[in-house]
Every structure is written in structure tokens, then in C-alpha cells.
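89 is the number of the first residue of the sequence shown in the working numbering; add one for each residue after it. Structure, as C-alpha cells:
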Amino acid sequence: MKRTGAHLGAAKIAVVGGCGTGRTTMVRSVSEIRPLHTEEAISGGIPPARTPGKTATTVALDFGRIALGDELVLYLFGTPGQERFRFLWDRLLDGACGAVVLVDTRAVGEARYAVELLRRHGTPFIVAVNDFGGPFRAEEEIRRGLSLPEDVPLVEFDARDHSSCKFVLIALLEHLGTAAPHSAV
């Protein structure tokens, strides 16, 4: 008997990374509901040089939801990227079964804080390199820059693309040892 409208499981996933790495864009792109976002005009300075057109920043969280088949619902919690809002990260990580660390190849080092926090917190994670059009960084260079061991998956994606974001979430589930439903691929 096929279940309709009912899901067998739910999982909280954190989407973390530095300012301008694409957390809000990823949650918006992949969410099947209208995502909640808490963006406000950038204050207290100007955006990083690599994001000259950026006029808003996340000040609390982004929230979205996606069902993968009839078996699993993922609740996505995007953290704010600015350093002054990092006090929220611990609370947003509470109860998360896994996390995606977003990396911008123009500023790989900005992801170090997220990687170190997730390690301390004991939250399993993968690293997703968002495609901003360069510069190209070899996988080894990114791993070295983040002190990332080989057992942590590193994937490339485009935060603007729904299918690409879904691929990242499936890669995280596979890393967690949770088989993604066949209908999700």
C-alpha cells in the first residue's frame, strides 16, 4: 500500500559558510515551500570585494523544506554568514544530523571557521564548492586550505540551480549513510 502525503522520516540539515557563499540562494533554489529568509540591508560596512552587487545579508537564518520521495523530508537551516552573527550558529546546529559547508573559490579560507565548528560540534558534513566562475581551485588545494581529510566529500555545485542543490543534499545523505530514495535522484 502506497502512502500519500505521509513521510517516514525528517532530518534537520544546516547550510553554513562565510558571507556571500550562496547559503540563501541554495535554500531558495531547492526548497519546495516558500522559504523563510531574514535578509536585511548590509550595515556596518561594505560587502566583500568579491561580491560587489550584494546589498543584503542574512541576519538570523534561512529556512526551507524539501521532500525526497515519499520517505524523507529535509528541513534546511541556513546560517548567517557575517562574523558578527556567528553566535547563532551553535543554536542552529542543535539537532542537525548533518551540514553542508559552502565554499567560494575566491575566498576558500572563509570556510575554515565552519569546518572547525562542525568538527567541535561533532556534526558530520560535506563541503560544496559553489560555482561563481572562478578562479579555479584544484580539489587538493581546497582540501589543504581547509585541512579537510579525504573522508569528507567535496562536491561542486551551482546554488542557483535546483537540481545541483538537490545533488548536494543527496551527497550529504549518502555521506551520513542514509540511502536517498530512488525517486529523489
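Think of the CB as a built atom: it goes at the ideal place given N, C-alpha and C, for glycine as much as any other residue. All of these numbers come straight from a predicted model, not from anything done at the bench.
> How many angstroms separate the CA atom of D178 from the CA atom of G221?
Replying inline: In the sequence shown, the residue the question calls residue 178 occupies position 90. In the sequence shown, the residue the question calls residue 221 occupies position 133. Rounded to whole angstroms, D178 to G221 spans 31 Å at the Cα level.
> Who are the near neighbours of L205 in its chain, counting only those whose CB is closer than 7 Å to its CB and skipping five residues on each side?
Replying inline: Taking the first residue of the sequence shown as 1, we reach residue 205 at position 117. Spatial neighbours of L205 in its own chain (CB-CB distance under 7 Å, excluding positions within 5 residues in sequence) are listed in chain order as W177.
> Does the beta-carbon distance from P291 to L264 come in below 9 Å?
Replying inline: With the chain covering only 89 through 273, there is no way to say anything about residue 291.
>> Nearest by alpha-carbon distance to I230: which of V191, D246, H250 and L260 is it?
In response: The residue given as residue 230 occupies position 142 in the sequence shown. The candidate whose alpha carbon is nearest that of I230 is V191.
> Considering only residues of the same chain and omitting the five flanking positions on each side of R194, which have a CB-CB separation below 8 Å?
Replying inline: Position 106 of the sequence shown holds residue 194. Cβ neighbours of R194 beyond the five flanking positions: R138, F220, G222 and P223.
>> Helix, strand or coil, according to DSSP, for D182 in the structure here?
In response: The residue you call residue 182 lines up with position 94 of the sequence shown. Of the three classes helix, strand and coil, the one that applies to D182 here is coil, per DSSP.
> Along the chain, where does the beta strand (DSSP E) that runs through A98 open and close?
Replying inline: The sequence position of residue 98 within the sequence shown is 10, counting from 1. G97 to G105 is the extent of the beta strand (DSSP E) around A98.
> Taking the alpha carbon of G166 as the point to measure from, which residue in R225, P237, F245 and G108 has its own alpha carbon closest?
Replying inline: Start at 1 with the first residue of the sequence shown, and residue 166 comes out as number 78. It is G108.
> Among the residues of its own chain, which have a CB less than 6 Å from the CB of G152, if the five just before and after it don't count?
Replying inline: Sequence index remark: in the sequence shown, residue 152 carries index 64 (1-based). Hits under 6 Å: V115, S119, P123 and L164.
> Do A187 and A202 come within 9 Å of each other at the CB atom, strictly closer than that value?
Replying inline: For this step, residue 202 is matched to residue 114 along the sequence shown. For this step, residue 187 is matched to residue 99 along the sequence shown. Closer than 9 Å, so yes.
>> Whole angstroms are fine: how far does the CA of A98 sit from the CA of M89?
In response: For the purposes of this step, residue 89 is taken as the residue at position 1 of the sequence shown. For the purposes of this step, residue 98 is taken as the residue at position 10 of the sequence shown. Because the pLDDT at M89 is just 32, under 50, the model does not fix this residue reliably, and the value given afterwards should be weighed accordingly. Rounded to whole angstroms, M89 to A98 spans 21 Å at the Cα level.
>> Classify G197: buried if its beta carbon has 16 or more other beta carbons within 10 angstroms, exposed otherwise.
In response: As a working note, residue 197 is residue 109 in the sequence shown. G197 is exposed by the Cβ-count criterion.
> Applying the criterion that 16 or more other CB atoms from any shown protein chain within 10 Å of the CB defines a buried residue, is I121 buried or exposed?
Replying inline: Here the question's residue 121 lines up with position 33 in the sequence shown. Exposed is the call here.
> Sorted by chain position, which residues of the same chain lie with C-beta nearer than 6 Å to A216's C-beta, five sequence neighbours on each side aside?
Replying inline: Locating residue 216 in the sequence shown gives position 128, where the first residue counts as 1. V188, L190, V243, F245 and V256.
>> Please give the ranges of any beta strand (DSSP E) in the region 233-270, keeping only runs that are unbroken, at least 3 residues long and fully inside the region.
In response: DSSP runs (the beta strand (DSSP E)) wholly in the region 233-270: 242-245.
> Which of the three DSSP states, helix, strand or coil, is assigned to G157?
Replying inline: Counting from 1 along the sequence shown, the entry for residue 157 is found at position 69. The three-state reading of DSSP puts G157 in coil, since its state is none of H, G, I, E or B.
>> Within 10 Å of its beta-carbon, does D182 have 16 or more other beta-carbons around it, so buried, or fewer, so exposed?
In response: Translated into the one-based positions of the sequence shown, residue 182 becomes position 94. The residue in question, D182, is exposed, as its Cβ has fewer than 16 Cβ neighbours within 10 Å.
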